[in-house]
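Residue numbers (the working numbering), protein chains in the order written: chain A, 358 to 516; chain B, 85 to 372.
Dropping the structure here:
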């Protein structure tokens, strides 16, 4: 049995310990927000946060996530109550076909939460491991830049 | 055919000693660090039925220790951690920069320095920096340990000098005296998340009289293993940097490498771009 924390809830997994984290999330925990794109660590569609860092969940055997904190796109918000980053993707048109979106959101969220700079160049570098087949990069970058700016203002006010 | 988790045998040691014992008893096992290379093959169904030695619980190999002369990087330290380490950034900037060009954030967060070395890709981005910093690689097996100069670890494409039952313990890197010039350059198809067509690292020290005291220059993706340009380095040592000397150095570059045509680039392109990287490293602001 493997224990891990997924979206702040303790979860137990029983099954082959070499199963990919991606498949455990989707099949065993029924969190189907995380998508499989290429299955070879190139596209980033399956990105989740593992102890706060973006990782490709298609390259992580679940055993290696034992005792770790996993965050998936389901942790960000619900359709009735979007997170500021999701709201920004919606406003800027940062989603087209949607397959890359959950992974984009998770990498972007780690970046924004970590206080990443609100300039397009830095955002592009941070998102280099996430591919969009619709090539809607301009709008995605704009959405992340906008959220990073808002986050900075929020922090400045809190200080 | 896909990866079949039910076909795999997983060994999960909790300590280095236990890992070395398990590896000695299971010489066919695949040591698994961050999995960023192995899992790609496994997902494609190319590695079913294997025994895996999972190293993810070995906390002792996940630390960067500061020594009297530099740092000792545990083999399981990730590229992300190296890139963020203040002392690595300040004193070993070429290594920090190289770590920032490996894949995207996701790969940097999982891939480890020891895994990168054990994998022995000709295109390993950290290898030219480790070659010019003259790193040492500490290896351990049950009851034994030895240290190899970095360049001696590699014996061919994806081949290393690691013996049966041997794992990489750590990578020792001394801080160099402050170089006059240092440079890391990677040329790939994209600015990030691309495998190198050629990748270069250089360190150069000038004497007070303006002559080159010492220069170290290494290239990756230009031969089966990373190469130091020994012919170029000895040509330059003790001489004043002139544009004529730079051209002589560029002509000599071919002596120490053997690039090939492959899916990422051509021999001719790799040579020309590598010569340009060497010219750029030696020229701007240095020559008269």
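Don't be surprised by glycine CBs; every beta carbon is placed ideally from N, CA and C.
These numbers come from a predicted model, not from an experiment.
Those residues which DSSP pairs with residue i across a bridge
i                      : result
residue 321 of chain A : Outside the shown range of chain A (358 to 516) lies residue 321 of chain A, about which nothing can therefore be said.
residue 258 of chain B : B/154
residue 224 of chain B : B/229, B/251
residue 284 of chain B : B/269, B/303
residue 240 of chain B : B/243
residue 136 of chain B : B/94, B/114
residue 406 of chain A : A/411, A/428
residue 149 of chain B : B/156
residue 290 of chain B : B/296
residue 377 of chain A : A/418
residue 162 of chain B : B/196
Endpoints, the beta strand (DSSP E) within which residue i is located
i                      : result
residue 370 of chain A : 366-370
residue 358 of chain B : No beta strand (DSSP E) contains residue 358 of chain B, which is instead part of the alpha helix (DSSP H) from 351-366.
residue 428 of chain A : 426-428
residue 360 of chain A : 359-363
Residue i (DSSP reduced to helix, strand or coil)
i                      : result
residue 413 of chain A : strand
residue 253 of chain B : strand
residue 130 of chain B : coil
residue 504 of chain A : helix
residue 516 of chain A : coil
residue 312 of chain B : strand
residue 215 of chain B : helix
residue 339 of chain B : helix
residue 509 of chain A : helix
residue 168 of chain B : helix
residue 86 of chain B  : coil
residue 321 of chain B : coil
residue 277 of chain B : coil
residue 382 of chain A : helix
residue 486 of chain A : coil
residue 447 of chain A : helix
residue 144 of chain B : helix
residue 191 of chain B : helix
residue 495 of chain A : helix
residue 388 of chain A : coil
residue 347 of chain B : coil
residue 207 of chain B : coil
residue 452 of chain A : coil
Whole-Å CB distance - residue i paired with residue j, under 8 Å assumed
i                      : j                      : result
residue 310 of chain B : residue 233 of chain B : So it is not a contact: roughly 12 Å between Cβ atoms.
residue 304 of chain B : residue 208 of chain B : 6 Å
residue 462 of chain A : residue 430 of chain A : 6 Å
residue 221 of chain B : residue 210 of chain B : Not a contact, Cβ separation roughly 12 Å.
residue 149 of chain B : residue 156 of chain B : 5 Å
residue 216 of chain B : residue 286 of chain B : 7 Å
residue 162 of chain B : residue 192 of chain B : 7 Å
residue 226 of chain B : residue 237 of chain B : The pair is not a contact, with the Cβ atoms about 20 Å apart (cut-off 8 Å).
residue 392 of chain A : residue 456 of chain A : 5 Å
residue 417 of chain A : residue 369 of chain A : In fact, because the Cβ distance is near 18 Å, the residues do not count as touching under 8 Å.
residue 158 of chain B : residue 91 of chain B  : 31 Å between Cβ atoms; not a contact.
residue 404 of chain A : residue 460 of chain A : 4 Å
residue 135 of chain B : residue 95 of chain B  : 7 Å
residue 143 of chain B : residue 277 of chain B : Contact doesn't hold; Cβ gap of about 29 Å is too wide.
residue 353 of chain B : residue 281 of chain B : 7 Å
residue 137 of chain B : residue 106 of chain B : 6 Å
The alpha helix (DSSP H) enclosing residue i, as first and last residue numbers
i                      : result
residue 466 of chain A : 458-470
residue 477 of chain A : 477-483
residue 198 of chain B : 197-203
residue 181 of chain B : 177-183
residue 332 of chain B : 327-336
residue 105 of chain B : 100-109
Listed from N- to C-terminal order along the chain, which residues in the segment 266-288 of chain B have their beta-carbon within a distance smaller than 7 Å of any beta-carbon of chain A?
-> 276, 277
Given a limit of 7 Å on CB to CB distance, which residues of the segment 173-207 of chain B reach chain A?
-> 187, 188, 189, 190, 191, 193, 194
Of all the residues that make up the segment 372-398 of chain A, which are near chain B by a beta-carbon distance shorter than 7 Å?
-> 373, 374, 375, 376, 396, 397, 398
Relative to chain A, which residues along the segment 96-108 of chain B have a C-beta separation below 8 Å, given in chain order?
-> 96
Which residues, taken in chain order from the segment 140-155 of chain B, show a beta carbon closer than 7 Å to some beta carbon of chain A?
-> 140
Mind listing which residues of the segment 408-419 of chain A have their C-beta closer than 8 Å to chain E's C-betas, in chain order?
-> Considering every chain present, this structure includes no chain E. Its protein chains are A and B.
Give, in chain order, every residue of the segment 445-463 of chain A whose Cβ lies closer than 7 Å to some Cβ of chain B.
-> Within the segment 445-463 of chain A, no residue has a Cβ that lies closer than 7 Å to any Cβ of chain B.
Contact list for the segment 475-493 of chain A against chain B, Cβ threshold 9 Å = 481, 482, 483, 484, 485, 486, 487, 488
Near-chain B residues of the segment 424-447 of chain A - C-beta to any C-beta below 8 Å = none
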